[in-house]
Each structure stands twice: as C-alpha cells, then as structure tokens.
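Residue numbers (this note's numbering): 601 to 675.
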C-alpha cells in the first residue's frame with residue numbers, strides 16, 4: 601500500500617487542536633495519531649467545503665470530527 605502525503609492547508613489553523621480535544625473527550629486512551637492518519641483525507645475534504653455545503657449536510661465545522669469518527673467513538 602502506498603503512503604499518501606497529506607501535507608494539507610486547512611481553512612482553520614486550529615483544526616488539529618480541535619481534533620485532539622475531540623479525541624481526548626470522546627475516545628480517551630485511543631492513539632489519535634493512528635486513528636486520524638487514515639482519516640485525514642476525509643477531514644481535509646470536509647474542511648475544504650464551504651459553510652453552505654456543510655450546512656446542506658446538516659453540519660458545521662465543529663461537527664467534522666464527530667462526523668468523520670462517528671463509527672469509532674460514542675458521543
């Protein structure tokens with residue numbers, strides 16, 4: 601399997617802090633790096649969406665971590 605370079609500019613410079621806080625609150629003991637590594641592309645795609653596009657999905661930017669990780673964390 602080929603490694604993907606996920607050097608990405610996110611809209612919000614605080615996205616990583618927000619993601620780490622979400623993981624600490626909802627999935628204590630999980631290695632956030634290992635979990636997020638495979639999902640960063642999804643987080644990046646969603647952060648690249650406009651607020652209107654996110655709203656059409658029923659989401660705001662603060663909802664992105666919960667949406668991307670909904671299958672592995674309980675909230």
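C-beta: ideal position from N, C-alpha, C; glycine also.
The beta carbons of residue 668 and residue 642 sit about 5 Å from each other, so the pair counts as a contact at 8 Å. Here residue 622 carries a helix assignment [DSSP, helix/strand/coil]. Straight-line measurement puts the Cα of residue 657 at about 19 Å from the Cα of residue 640. Distance from the CA of residue 620 to the CA of residue 644, rounded to the nearest whole angstrom, comes to 15 Å.
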